[in-house]
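For the sequence shown, the positions run 806 to 1518 when the working numbering is used.
From the three backbone atoms N, C-alpha and C, an ideal C-beta is built for every residue, glycine too.
All remarks here apply to the structure that follows.
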Amino acid sequence: MHSRPATTASVIPAWQRRCCCTVILGAFPAAWAQSPPPEPAILPAVSVTAPAETGASGYDTRRTTTATKTETPLRDVPQAVTVVPRAVIEDQAMQSLADVVRFVPGVTMGQGEGNRDQPVFRGIGSTGDFFVDGIRDDVPYYRDLYNIERVEVLKGSNAMIFGRGGSGGVLNRVTRQAQWEDIGEATLRLGSWKERRATADVGRALSDSIAVRVAGVYERSDSYRDYYELERYGVNPTLAWRAGERTLVRLGYEHFRDERTADRGVPSFGGRPVDVDPSTFFGNPDLSNTWAKVDALDGVVEHDFGNGLKLTNHARWAKYGKFYQNVYPGAVDASGTMVAIAAYNHRTDRTNFFNQTDLRYRVTTGSVAHELLFGAEFGRQTTDNLRNSGDFAGFPGGSLSVPIASPVTFAPVPFTRKASDADNRSTANVAALYLQDQIELSSQWRAIAGVRFDRFSVELDDHRDGSRLSNTDHLVSPRAGLIYKPVETLSIYASYTVAYQPRSGDQLGSLTATNRSLDPEEFRNVEFGAKWDLSPHLSATAAIYRLERTNVAVTDPGDPTRSLLVDGQHAQGVELTLAGRLARNWHVIGGYAYQDGEYDSTQSASIRAGNRIAQLPRHTLSLWNRYDFDAKWGAGLGVVASSALYAGADNTVTLPGFARVDAAVYYELTPDLRVQLNIENLFDRRYFASAHSNNNIMPGSPRALRVSLSANY
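Here is the structure:
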């Protein structure tokens, strides 16, 4: 989408255009005062169009409700928050959350075994810290961006707002919603390796009280990786209803399905990824596939009682189905010529129901102003897990290996259930209460204090032996922050937060007879930072943090039937961001992170005290520029760079550092028709994008082209 500022409607970018008002004028001559006037003359309606006065450019977001559950300027939130708005997503033709987090310092994206998003927040990997409009969306799958207005990434422990987990950070997708304005956009995208993608977004006001909107996507694409195929589609209708002067009701439904080849990349040898062409597939592509299906209903009621009192209730019901099967590379032999093949599949079915009720109240006591939040969340999650392992008994020696020079095999691999394979149903229930106070002490000093209490219980029925395990945790998660504003546009802050991860884990299936009595893992985040609105259209942030993980369970060396709790790891670093408009026609977004982290205790034979945290690069840098030459032409140029990192916690395999340059060209054919060309990896550098383990490493894409044609109607 275009992002050029302008003073006339003909050159205002589409994403900045707004219809501000319609004026109807009537004329009444003075002589009519003595006699009945004729019918007034109605002049033609005049539409005045101007840029939206948001105080920010399309690359810069100034306010959020996610971080505090209240409408708060980002500079008054005492923690690091990075927002990637729709304008950036479209200008870079982003395809996935992995593309998004490249512009989020302190966060990287793991490989996720080729079947899911798996971010690493400040050295803490997660498969479940995902939210949509502030509600948990924790099944591991690949999420699309077709219906997303912006992506907000909150770093550090976030349990006071989000509940269990949120240990190193959370990723929240904010969806497009029905509004009382006409919206019509369709985009067709074609790219390298038969990429074919179409999206549409249509919204209308049906009356003064009813508005509707529908977003949809269909994609069918191949990849630079051999044998890879992808097909996905989704539709998300939403409705908004003004049920009264003070009441707004929102309803939404999403159906989404994603099917693709489960590709776990390449193995390693001699401490580095094997030297093969980036397209080389390892394993059996015919038996490696994954699919996910999501059906979700949302209902939100907002009511303003007046006098600073507002109520919001958000209920979400979601049903997920997820399956993945992979025949993938294991370890390379000592000669470096053969690679072992492993295999398994896993099915997950989950039904979530969550209801959040928030009551916000603004009150002034003397010279001090408060914004109080009283909230409650109730939820229930039912999950079925079933795993089967590849059976290699029919192969010579009971194992399968293939030459690295020819690593694709189509040998049939049967899948059977081993004694250790999961076959269970878990039921998790949460009941939570939280209280928060945002305090304006003076024109220069603000504070935030909050606490959340969760009663989180899990029951796990193990179908393998008929046993039932249960555990209940009572979690108290505090949050405290202090903000000093020497001037209105600059905030300097300090914060402290705590979060917990129960023993049931991210995916609610990790409870065992050994660990169910153990305290949950604990995460403490201390952070200092500054946020500065350099101009009405440009903002910068800086944060210094230390994140500590404790209560990690390890096997007692003196008694293998017992577990001990030890200090797990710590990470510390510096994060910098810049977003907005440097000049009238120059937009920029970027970030830099320095991260240092290590394991504090020996946790296994391979995870030793002093080892560096896996998948934690010491330096990451991203910078994207868009420059518009005139009302029709624009260009983009950016760089994504990372220093070397370890693929696994044993620190034996290193992914080398890299720097990749991306570019784009934008052209407006007509005010309602635009074309853009995006080039990823402009100089065709070879690099490795992510890892899951020492032998699941994903090569980065060679040079890739995408052409997008977008129409407004």
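Buried or exposed by the 16-neighbour rule on C-beta atoms within 10 Å, applied to residue i
| i | result |
| --- | --- |
| LYS1223 | exposed |
| ALA1422 | Per the sequence shown, the amino acid found at residue 1422 is Pro instead of Ala. When all chains shown are included, PRO1422 counts as buried. |
| ASN1501 | buried |
| ALA1449 | exposed |
| LYS1127 | buried |
| ALA1348 | buried |
| TYR794 | In this structure the chain extends from 806 to 1518, so residue 794 is not present and cannot be described. |
| LEU1178 | buried |
| SER852 | Unreliable positioning characterises SER852 in this predicted model, as indicated by a pLDDT of 37, which lies under 50. The coordinate reading is nonetheless provided below. By the 10 Å Cβ count, SER852 comes out exposed. |
| GLN1241 | buried |
| GLY915 | buried |
| PHE874 | The question names Phe, yet the displayed sequence has Lys at residue 874. With 16 or more other Cβ atoms within 10 Å, it is buried. |
| HIS1279 | exposed |
| LYS1336 | buried |
| THR869 | buried |
| SER1498 | buried |
Any non-hydrogen atom of the ligand ADP within 7 Å of residue i CB
| i | result |
| --- | --- |
| LEU1116 | Although the ligand ADP was asked about, the structure shown includes no ligands whatsoever. |
Residue i (DSSP reduced to helix, strand or coil)
| i | result |
| --- | --- |
| VAL853 | Unreliable placement is indicated for VAL853, whose pLDDT of 37 sits below 50; the coordinate value is still reported in the next sentence. Reduced to three states, the DSSP call for VAL853 is strand. |
| ALA970 | Looking at the sequence itself, residue 970 is Gly, so the reference to Ala does not match. In the structure shown, GLY970 sits in coil (DSSP, three-state: anything other than H, G, I, E or B). |
| ARG1269 | coil |
| LEU1323 | coil |
| LEU879 | helix |
| VAL956 | strand |
| ASN1517 | strand |
| LEU1246 | coil |
| ILE829 | Unreliable placement is indicated for ILE829, whose pLDDT of 32 sits below 50; no coordinate value is reported for it. |
| GLU918 | helix |
| ASP896 | helix |
| ARG1334 | Just to set this straight, residue 1334 is Gly in the shown sequence, not Arg. Strand. |
| ARG891 | helix |
| ALA964 | helix |
| ASP1278 | strand |
| LEU1313 | coil |
| LEU1205 | coil |
| ASP1361 | strand |
| ASP1259 | strand |
| ALA861 | Low confidence applies to ALA861: its pLDDT is 47, below 50, so where it sits in the model is not reliable, and the reading given next is rough at best. Looking at ALA861 - three-state DSSP - the assignment turns out to be coil, as it is neither helix nor strand. |
| PRO1521 | Nothing about residue 1521 can be read from this structure; the chain reaches only from 806 to 1518. |
| ASP1401 | strand |
| LEU1092 | helix |
| ASN1356 | coil |
| GLN1420 | coil |
| ALA872 | coil |
| THR1366 | strand |
| GLU1380 | strand |
| GLU990 | strand |
DSSP bridge partner residues for residue i (one or two, in chain order)
| i | result |
| --- | --- |
| LEU902 | Note: LEU902 sits in no beta bridge, so no partner. |
| ASP1100 | HIS1060, LYS1124 |
| GLN982 | The partner list for GLN982 (beta bridge, DSSP) is empty, contrary to what the question assumes. |
| VAL1081 | Partner(s): none; VAL1081 has no beta bridge. |
| PHE1110 | Its beta-bridge partners do not exist; DSSP assigns none. |
| ARG1437 | The residue you asked about is not Arg; residue 1437 is Lys in the sequence shown. BP columns for LYS1437 are empty, so no partner. |
| ARG783 | Nothing about residue 783 can be read from this structure; the chain reaches only from 806 to 1518. |
| LEU976 | PHE935, VAL958 |
| PHE1220 | GLY1195 |
| PHE1493 | PRO1504 |
| ASP1189 | ASP1154, ARG1230 |
| ALA1414 | Paired residues: none, contrary to the question. |
| GLU1473 | ARG1479 |
**Prompt:** Does the stretch 1008-1024 come within contact of the stretch 1068-1077, defined as at least 3 CB pairs closer than 8 Å?
**Reply:** no
**Three or more C-beta pairs below 8 Å linking the stretch 1392-1400 and the stretch 1353-1367** = no
**Prompt:** So, do the stretch 1087-1098 and the stretch 974-987 have three or more beta carbon pairs nearer to each other than 8 Å?
**Reply:** no
**Request:** Check whether the stretch 1095-1104 touches the stretch 1058-1066, taking contact to mean three or more Cβ pairs, one atom from each stretch, closer than 8 Å.
**Result:** yes
**Request:** May I ask you to verify whether the stretch 1219-1236 touches the stretch 1260-1271, counting CB pairs closer than 8 Å and requiring at least 3?
**Result:** yes
**Message:** Contact between the stretch 1403-1411 and the stretch 1429-1441 is defined here as three or more beta-carbon pairs at a separation below 8 Å; is this criterion met?
**Reply:** no
**Item:** Cβ pair count under 8 Å reaching 3, the stretch 936-953 against the stretch 1286-1299
**Value:** no
**Segment contact, 8 Å Cβ cut-off, at least three pairs: the stretch 992-1000 with the stretch 1023-1037** = yes
**Asked** Three or more beta-carbon pairs under 8 Å between the stretch 1509-1516 and the stretch 1471-1490, yes or no?
**Response** yes
**Length-filtered (3 minimum) beta strand (DSSP E) runs lying within the stretch 1135-1184** = 1143-1170
**Request:** Could you say if the stretch 1281-1289 and the stretch 1315-1329 meet the contact criterion of at least three C-beta pairs nearer than 8 Å?
**Result:** no
**Message:** So, does the stretch 1105-1117 touch the stretch 1140-1157, judging by three or more C-beta pairs under 8 Å?
**Reply:** no
**Asked** Does the count of Cβ pairs from the stretch 1302-1310 and the stretch 959-966 closer than 8 Å reach three?
**Response** yes
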